[in-house]
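There are 2 protein chains.
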Amino acid sequence: MNATRIPVDIPGRGYEVTIGGGLLGQAGPLLARFAPTGRAVVITDAAVGALYGGKVVAELERAGLRADLLDFPAGEKHKNLATYVSLMGRLLGLAPAIDRSTLIVTLGGGVAGDVGGFVAATALRGLGSVNLPTTLLADVDAAVGGKTGVDAPAGKNLIGAFHQPRAVLIDPAALATLPVAQLVNGLAECVKHAVIADESLLEFIEANAAGLLAADVELCHQLIARNVAIKAGVVAVDERESSGRRELLNFGHTIGHAVETAAGYAGVSHGQAVALGMSAACAIATGRGLLTPAAAARVAAVLAAVKLPARFDDLPGLPAAARDAAVLRELMLHDKKARAGVVRFVLPRGLGSAAVFDDVTGAEIARALEKLAG
Amino acid sequence: MNATRIPVDIPGRGYEVTIGGGLLGQAGPLLARFAPTGRAVVITDAAVGALYGGKVVAELERAGLRADLLDFPAGEKHKNLATYVSLMGRLLGLAPAIDRSTLIVTLGGGVAGDVGGFVAATALRGLGSVNLPTTLLADVDAAVGGKTGVDAPAGKNLIGAFHQPRAVLIDPAALATLPVAQLVNGLAECVKHAVIADESLLEFIEANAAGLLAADVELCHQLIARNVAIKAGVVAVDERESSGRRELLNFGHTIGHAVETAAGYAGVSHGQAVALGMSAACAIATGRGLLTPAAAARVAAVLAAVKLPARFDDLPGLPAAARDAAVLRELMLHDKKARAGVVRFVLPRGLGSAAVFDDVTGAEIARALEKLAG
Numbered sequence: 387m388n389a390t391r392i393p394v395d396i397p398g399r400g401y402e403v404t405i406g407g408g409l410l411g412q413a414g415p416l417l418a419r420f421a422p423t424g425r426a427v428v429i430t431d432a433a434v435g436a437l438y439g440g441k442v443v444a445e446l447e448r449a450g451l452r453a454d455l456l457d458f459p460a461g462e463k464h465k466n467l468a469t470y471v472s473l474m475g476r477l478l479g480l481a482p483a484i485d486r487s488t489l490i491v492t493l494g495g496g497v498a499g500d501v502g503g504f505v506a507a508t509a510l511r512g513l514g515s516v517n518l519p520t521t522l523l524a525d526v527d528a529a530v531g532g533k534t535g536v537d538a539p540a541g542k543n544l545i546g547a548f549h550q551p552r553a554v555l556i557d558p559a560a561l562a563t564l565p566v567a568q569l570v571n572g573l574a575e576c577v578k579h580a581v582i583a584d585e586s587l588l589e590f591i592e593a594n595a596a597g598l599l600a601a602d603v604e605l606c607h608q609l610i611a612r613n614v615a616i617k618a619g620v621v622a623v624d625e626r627e628s629s630g631r632r633e634l635l636n637f638g639h640t641i642g643h644a645v646e647t648a649a650g651y652a653g654v655s656h657g658q659a660v661a662l663g664m665s666a667a668c669a670i671a672t673g674r675g676l677l678t679p680a681a682a683a684r685v686a687a688v689l690a691a692v693k694l695p696a697r698f699d700d701l702p703g704l705p706a707a708a709r710d711a712a713v714l715r716e717l718m719l720h721d722k723k724a725r726a727g728v729v730r731f732v733l734p735r736g737l738g739s740a741a742v743f744d745d746v747t748g749a750e751i752a753r754a755l756e757k758l759a760g
Numbered sequence: 387m388n389a390t391r392i393p394v395d396i397p398g399r400g401y402e403v404t405i406g407g408g409l410l411g412q413a414g415p416l417l418a419r420f421a422p423t424g425r426a427v428v429i430t431d432a433a434v435g436a437l438y439g440g441k442v443v444a445e446l447e448r449a450g451l452r453a454d455l456l457d458f459p460a461g462e463k464h465k466n467l468a469t470y471v472s473l474m475g476r477l478l479g480l481a482p483a484i485d486r487s488t489l490i491v492t493l494g495g496g497v498a499g500d501v502g503g504f505v506a507a508t509a510l511r512g513l514g515s516v517n518l519p520t521t522l523l524a525d526v527d528a529a530v531g532g533k534t535g536v537d538a539p540a541g542k543n544l545i546g547a548f549h550q551p552r553a554v555l556i557d558p559a560a561l562a563t564l565p566v567a568q569l570v571n572g573l574a575e576c577v578k579h580a581v582i583a584d585e586s587l588l589e590f591i592e593a594n595a596a597g598l599l600a601a602d603v604e605l606c607h608q609l610i611a612r613n614v615a616i617k618a619g620v621v622a623v624d625e626r627e628s629s630g631r632r633e634l635l636n637f638g639h640t641i642g643h644a645v646e647t648a649a650g651y652a653g654v655s656h657g658q659a660v661a662l663g664m665s666a667a668c669a670i671a672t673g674r675g676l677l678t679p680a681a682a683a684r685v686a687a688v689l690a691a692v693k694l695p696a697r698f699d700d701l702p703g704l705p706a707a708a709r710d711a712a713v714l715r716e717l718m719l720h721d722k723k724a725r726a727g728v729v730r731f732v733l734p735r736g737l738g739s740a741a742v743f744d745d746v747t748g749a750e751i752a753r754a755l756e757k758l759a760g
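Protein sequences appear in the order of chains A and B. In terms of my numbering, the first sequence is residues 387 to 760. In terms of my numbering, the second sequence is residues 387 to 760.
If you want it as structure tokens, here you go:
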């Protein structure tokens, strides 16, 4: 197997991300390294469990581990405390009982990684975990960096913990079973990484859009490796979002989160919402002279190339509330990343660079939203 | 106010424990330091809330903070995920919404600190917290060191996180409202600290037993300061129980936890169970020549001086299962601190020193339990 290894150099909690086509079918020995007493519990959603659960458990057993599998119903709506409580009850009820050397293996998309990671973070005050992401979004975003948690009625990801995994194993071949809409979802975060940190990645996505949307294993391998390297670099210097560096990953998310929330998470995917948010942020940056109109147009072209929306009208199913400037502004003020009523924006400064701004005015936001509406 | 300040030097997460008679009525300015945007939420149980909740909220408001109070029913049986879910829902439902600069203030005994600390650890992936313990057990043990969490049906403290507070404020005058049985409960942990780390503390407890049991503020102040210093020293070098140093705090707890669990937490307090566990561990240490019979007798005398049991018969209400050697041994094997079926024991090596042993035999445990039964 042609594998790429990328270190995540967080002081005292460093780990390695391994990317390789077919890795899911060869994960046993890699996982066994992190289960010193030979016990592992796989946490996955029912849909991914049906596809890959048996394979991963078999791999663990082939490597000499005792492996249990706990699943929960698929879907973001199950990323909640009820699922957490159910999984925790089943985990702690396993016989023989788990101990502190038991390894948690999260398998699936962002929801499985987030919920499973939160269980790992809080069972016996913290168990080691390895993430096996199976969606592009999870590969390039959720699986690396240690954010775990669940949603609350008041908002997404309001409950959780920072808990770095011991390793992340990514199999680009798993993307072949993914609906194209899910690939598009992940590509939004790739465009985000490109705009804030690596202009050449923007070229790569633009040049290979068709192959990426077809889940070409080699192209996806390269894409994932480049994006994981960017994410790893950011979290290595700012694990807990305290220095501002990690906050750059929020590019497109200020307005994006508001759109998702206003839509009730219907009629718009996370990636689509982030794409709209990135377009709006580029418009604000252009208005401030931080970004040339040509650069903003290039971002728009890449988004279009990977089937992401640039305007509200590109999403016919988007509820009216999610286009309502007053609704969106109110939601932005109450985002958990807002501080004392100040909305924070990540704006590009040229392509491949960005910074956080807390002085974006209501008028600037309104103009940017008008562009999305126009 | 005559205050004592003790640093907890955990790298990157250090904080200070302040001890002072009357501190609860002067806590506002100290708390305000940790609430940069002027927002605090007090988490307490209903019993402590009735005694001190209004005072602490008034103190916060006097210091210019907006303060909410969330309470939950008093008692260890409410230290569970249902209480956690309820508190989290109420916290995230507050209007205006909390943000990452909101301070959590835990007020009460170990349960309030553990549950409130776990809420702080996991709301918005981690809020700052300050602990205001109101029992001797919480003062000298739970409030310092960052262990937070709740119990599960399968056992105590199986769910939780390490989350260091920003500060701990201890008011020895609060002990005046505490039933004597609760003081005794805390004194067990003080004897534990003395045996593993400070022989002169054993002398202090023995010489001042009557005054301590009467909750004399000055004596309790000294007692708390000496014990917090020991606990702080241990957690500073081994925050997450990884080097073995923090595991020394488990002295008396291997058998103690088993006794509590076997009893169904009825007929025996935590401190009483730990006292039995310490007597048993001293017997094992004496059998191994690690402790002289005279030193073991001295520990027994101090336990008796502060009304703690040395034998099962000292606890008439103790259920039969909690005296059953086979039941206790089975529970020890499944303690979360056991590793792959090996029971770990902290044994004193002389007075004021201890070490972890994983080679204590079933026969040694059986002999020690016989001594408790005799």
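Yeah, the Cβ is synthetic: ideal placement off N, Cα and C, and Gly gets one too. The structure presented is a predicted model; accordingly, all values stated were derived computationally and were not measured.
Are the Cβ atoms of A611(A) and I392(A) separated by less than 9 Å?
-> In this structure, I392(A) lies closer than 9 Å to A611(A) by Cβ.
Neighbouring residues, chain A, relative to F698(B) (Cβ below 9 Å) = Per Cβ cutoff of 9 Å: no residues; F698(B) is ~26 Å from chain A at best.
Which residues in chain B sit within 8 Å of T469(A), going by Cβ to Cβ distance?
-> Taking the beta carbon of T469(A) as reference, no residue of chain B falls within 8 Å; the closest one sits roughly 12 Å away.
Closest residue to D525(A) among S487(A), A615(A) and F504(A) (Cα-Cα distance) = Nearest to D525(A) by C-alpha distance, out of S487(A), A615(A) and F504(A), is A615(A).
Take G703(A) as the anchor and find which of A649(A), T390(A) and E716(A) has the nearest alpha-carbon.
-> Ranked by Cα distance from G703(A), the options A649(A), T390(A) and E716(A) are led by A649(A).
Which of the three DSSP states, helix, strand or coil, is assigned to E402(B)?
-> In this structure, E402(B) counts as strand in the three-state DSSP scheme.
Counting only runs of 3+ residues fully inside the segment 690 to 750 of chain B, write out the beta strand (DSSP E) ranges in chain order.
-> Runs found: 731 to 734 and 740 to 743.
Taking Cβ-Cβ distances shorter than 9 Å, what residues in chain B pair up with R511(A)?
-> For R511(A), the neighbours in chain B by C-beta distance under 9 Å run, in chain order, K533, T534, G535, N543, L544, I545, G546, A547, F548, R626, E627 and K722.
Please check the pair V570(A) and K693(A), which I expect to be a contact at CB under 8 Å, by giving their CB distance rounded to whole angstroms.
-> Between K693(A) and V570(A) the Cβ distance is about 5 Å, and since that is below 8 Å, they are a contact.
What residue does the beta strand (DSSP E) around K578(A) start on, and which one ends it?
-> That residue, K578(A), is in no beta strand (DSSP E); its alpha helix (DSSP H) goes V566 to A583.
Spatially closest choice to V742(B) from V688(B), I670(B) and A706(B), by CA coordinates = Taking the Cα of V742(B) as reference, the smallest distance to any Cα among V688(B), I670(B) and A706(B) is reached at I670(B).
To which residues of the same chain is L478(B) closer than 8 Å at the C-beta, ignoring the five residues directly before and after it?
-> Cβ neighbours of L478(B) within its own chain (closer than 8 Å, five residues either side excluded): I484 and A509.
Test: M387(B) CB closer than 9 Å to a CB of chain A = Chain A contact via Cβ: absent.
Would you identify the three-state DSSP class for F637(B), choosing helix, strand or coil?
-> Three-state result, F637(B): coil.
In three-state DSSP terms, what is V526(B)?
-> In this structure, V526(B) counts as helix in the three-state DSSP scheme.
If you compare alpha carbons, which of T390(A), R399(A), A389(A) and M387(A) is closest to V623(A)?
-> Per the Cα distances, R399(A).
Within this structure, are the beta carbons of R709(A) and A759(A) separated by less than 9 Å?
-> Going by C-beta atoms, R709(A) is nearer than 9 Å to A759(A).
Locate the beta strand (DSSP E) running through G494(B), then write down its first and last residues.
-> L489 to G494 is the extent of the beta strand (DSSP E) around G494(B).
Can you give me the Cβ contacts of G407(A) inside the same chain, cut-off strictly under 8 Å, excluding the 5 residues immediately before and after it?
-> These residues qualify, in order along the chain: M387, N388, D557, P558, A559, V603, E604 and H607.
Helix, strand or coil: how does DSSP classify D557(A) here?
-> Looking at D557(A) - three-state DSSP - the assignment turns out to be coil, as it is neither helix nor strand.
Using a beta-carbon distance below 9 Å, is P551(A) in contact with chain B?
-> P551(A) does not count as touching chain B.
Mind checking whether T492(B) and L523(B) have CB atoms under 9 Å apart?
-> Annotated as distal: T492(B) and L523(B), with beta-carbon spacing of 9 Å or more.
Can you list, in chain order, the residues of its chain whose CB lies under 7 Å from that of G597(B), leaving out five sequence neighbours each side?
-> Cβ within range, chain order: L605.
Please specify which runs of the beta strand (DSSP E), each continuous and at least 3 residues long, are wholly inside the segment 442 to 517 of chain B, giving them in chain order.
-> The qualifying runs are 452 to 458 and 489 to 494.
Are the C-beta atoms of T492(B) and some chain A residue less than 9 Å apart?
-> Closer than 9 Å: no.
To the nearest whole angstrom, what separates the beta carbons of H549(A) and A618(A), a pair I think is in contact under 8 Å?
-> Actually they are not in contact, since the Cβ atoms of H549(A) and A618(A) sit about 16 Å apart, beyond 8 Å.
Consult DSSP for N354(B) and reduce its assignment to one of helix, strand or coil.
-> This structure cannot speak to residue 354(B), because chain B is shown only from 387 to 760.
Is it a yes or a no for the segment 424 to 437 of chain B touching the segment 454 to 462 of chain B, going by three-plus beta-carbon pairs under 8 Å?
-> With the cut-off at 8 Å, the segment 424 to 437 of chain B and the segment 454 to 462 of chain B touch.
Could you run through the segment 454 to 484 of chain B and flag, in chain order, every residue whose CB is less than 7 Å away from some CB of chain A?
-> Of all residues in the segment 454 to 484 of chain B, L467, V471, M474, L478, G479 and A483 have a Cβ within less than 7 Å of some Cβ in chain A.
Contacts of A538(B) in chain A (Cβ-Cβ under 8 Å) | The contacting residues are M474, G475 and L478.
Mapping DSSP to helix, strand and coil, what is A538(B)?
-> Residue state, collapsed to three classes: strand.
Taking V654(B) as part of the alpha helix (DSSP H), name the residues at either end of that continuous run.
-> The continuous stretches of alpha helix (DSSP H) do not include V654(B), and DSSP gives it neither H nor E.
If you draw a straight line from the C-alpha of T423(B) to the C-alpha of E592(A), how long is it?
-> Answer to the nearest angstrom: the Cα atoms are 44 Å apart.
CB contact flag (V497(B), K533(B), <9 Å) | A distance of 9 Å or more separates the beta carbons of V497(B) and K533(B).
Environment of R632(A) [buried if 16+ CB atoms lie within 10 Å] = By the neighbour-count rule (16 or more Cβ atoms within 10 Å), R632(A) is buried.
Just the C-alpha distance for A711(B) and R730(B), rounded to the nearest angstrom, thanks.
-> Rounded to the nearest whole angstrom, the C-alpha separation of A711(B) and R730(B) is 17 Å.
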